[in-house]
Structure formats: structure tokens, C-alpha cells
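Numbering (the working numbering), first residue to last: 53 to 447.
Every residue gets a Cβ at the ideal spot worked out from N, C-alpha and C, and that includes glycine.
Note that this is a predicted model, so its numbers are computed, not measured.
A short worksheet on the structure shown next.
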């Protein structure tokens, strides 16, 4: 038996483009909160920055879902990648706070183009196992995490932030070329003639299907997992810094954990193929909940090794939940791949935007540990009761 899970050609190419996109972005994104704090940004302003990135993704996803009917989604993916390059260029030249916020919105629009269209490609293709395909898609940024922050740190040290932004710009340009030539021929069949009215009708049908009692609870579970993930993604490095970790320790921690997670993610991809999507969602949310409670409860004695164990657990649970949600939507909404891709894309940025905004409001009041504990308890019991109800055929 091969160590590597089976991967289809279209899944491989989408995963590669996602890896390259995230590699170019993660060259500097890890350091952005620390950079903003050094620029006298408040916790609320940092949360607002992420809110401006992720909210446009959620708002524009339905429109881009419609565009995927009309335009080859590989073209839209390519435009999204180019937008990431424009963002990197913008971080070099922005003259004031207003322009800085404007480029956050541009990044959000670019992300919407890339992720809606990427999901539309996967959902519109005849996949043997959608959960496995999306596990590859969601795990590919983790591989970028293993090396991108180290490379980014070197370029920041050697050339300051302008060096890392230029490198990111070059990588996104190369990625755009890859997307355009590698994906275009594989996705020609996905375009079709459709009116705005017909697209709206499709969205109404999609919403109706999602609202079914045997689907909606599992989508809701995954949404709460994503809210906690949004809080974690925005503030985790500041949480570590708050407990005395240096920038070099944070860099080493994130790089090592992503490197170790690479082989673990391959094992997880094999595991999600063995279970129904709903079970993957429930198991994943319970795992995230347990490790989030541990992170908050043990914050005062958190060391490198303990944090490593906890975050690996959260990564595993998050990958299972996300793969299960996208697999469930792909299966139940296979007649509406473009609309399904848009709806699936909405969940993550909307939850992340709320997670960032809620974190910015609650951290000064509750502190990091209590938020991790309360969030973990809520998510664990959602997953527990979801699995219990499914096993008893209540939903």
C-alpha cells in the first residue's frame, strides 16, 4: 500500500496552485500582527484589518459563483492569484492608513476569486471521493507553512520587509502562469449559458437543501469551528507573545509544527476517506474542542512541547471538519457546483471575520485563555450531540 493517498490530476493541480498562493502570502503574513503592533496598531485595529480581508470574500462569493458559469474558472483563479501579487506590491507603496485598509479589501476580493473558483473546479469535476480531494486542498497551505515563514524571516532580515514583498510578488506571478496554462484546458467544460435569474433560482434551491434538518446542523457545527479558527489565526502569535515567547521562538514553533504536520496530514487524508462527511465533521469538531480547552486551561504553564502537542491536535480536527463540510456540500449539491462553491467559500471568511472581530472586542475583557476554553466547550458539545443525533437517526 502506498504511503501517499491517491490524488486525481485536477485535485493535484488545484492543490499545487493553493500551495504556491499560500507560500507567497505566508512569507510575511505570520509577522503581520507583530509588525502592526510595532506600528502602534491596537488589538481592535488588528482584528479590523482581518475583518476587512475576510468580509469581502463572504459578500462577493455569490457573485463570483455566478461568474464561474460564464467564465472559465481557471481564468478567475488566475486573476485571484494576480490580486495577491498586487497586494504584495501595495504593501511596499501604501502611503497612509486608508490605502492600507484599501489593499486589505483588494486582498479579500482576490481571495474570493481564487477560493470560490478553485472550489467550483473541484465540485464541478467528477471526483472519486470529495472528502479526500478537499483534504488535499485544505492541507496544502500547511506545507507552505513549513518553509515559507523561515524563508520570509531570512528575506526580512537581509532586505527588510520590501525584500519579502518583492519575493511574494514574483511567486504570485509564476503561480498565475501555472494556473492559466495548467488548469485552463481541464475546466473548459464547466462554463455554461445561464442568466442572473436562473443563478438566483439555483441559490434558492441550494439554500433550501442546506436548510434540511439532516444537513444544516453539521454545517452549523463546522461554522463554529471556523469562528474559533478565525480567532486563532488572527491572534495566536500575539497570544504566544503575551506569554513571553520571542519572535524567534514563534517562528521556530510555526515552522516545526507545519513540517511535522505534513506527514500527519497525509494520514488524515486517508482517514477521512473511510468515514461519511457528517462523521468527519463531528469527530473533527470534538477534537478541536478538546484541544482548545487544553490550550486555554494550560496557558499559564504552556511551553514549546505542550503547545506543539495541542496545536497539532487542533490542526487535525480542523482538517477533518473542513474536508467533511466541503465533501458534504459537494455530495448534496452536485447539481449546483458553482453555487455550492460560493456557499462553501462564504463559511470560512465570514467565520474568520467574526472570529477576528469578536476576538478584538473580547480579549481585553476575558483574555485569551477564557476565550479558548469557552469556544472549545461549545464546539465539543456541538460535535458530540451532532454525532449522537446522527447515530440515533434524529438528523
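Under the 10 Å beta carbon count, residue 326 is surrounded by fewer than 16 other beta carbons and is classified as exposed. Contact annotation: residue 231 and residue 273 have beta-carbon atoms that are not nearer than 8 Å.
Under the 8 Å Cβ criterion, the segment 280-291 does not count as touching the segment 144-152, having fewer than three qualifying pairs. Taking the Cα positions, residue 234 is about 43 Å away from residue 346.
Here the C-alpha atom of residue 391 lies approximately 18 Å from the C-alpha atom of residue 185. Apart from the 5 residues on each side of it in sequence, residue 67 sits with its Cβ closer than 6 Å to the Cβ of 188, 189, 192 in its chain, given in chain order. In this structure, residue 397 keeps its C-beta atom at 8 Å or more from the C-beta atom of residue 196. Judged by DSSP in its simplified three-state form, residue 94 adopts coil rather than helix or strand. Collapsing the DSSP output to three states places residue 123 in coil.
Here residue 359 is near residue 305, since their CB atoms are less than 8 Å apart.
Contact fails between the segment 149-160 and the segment 421-441, because fewer than three Cβ pairs, one in each stretch, are under 8 Å apart. Sorting 141, 352, 439 by C-alpha distance to the C-alpha of residue 224 places 141 at the top.
Using a Cβ distance threshold of 8 Å, residue 128 and residue 116 count as a contacting pair. Of all alpha-carbon atoms in 138, 167, 92, 123, the one lying nearest the alpha-carbon of residue 112 is that of 167. Cβ neighbours of residue 85 within its own chain (closer than 6 Å, five residues either side excluded): 98, 289, 290.
For residue 199, the enclosing alpha helix (DSSP H) has its first and last residue at 182-235. DSSP places residue 344 in the uninterrupted alpha helix (DSSP H) bounded by 329-349. The beta carbon of residue 214 sits closer than 6 Å to the beta carbons of 144 from its chain, once the five residues preceding and following it are set aside; these are given in chain order.
Annotation for residue 83: no residue places its beta carbon closer than 6 Å to its own, counting only its chain and skipping 5 residues before and after. In the three-state DSSP reduction, residue 264 falls in the coil class, being neither helix nor strand.
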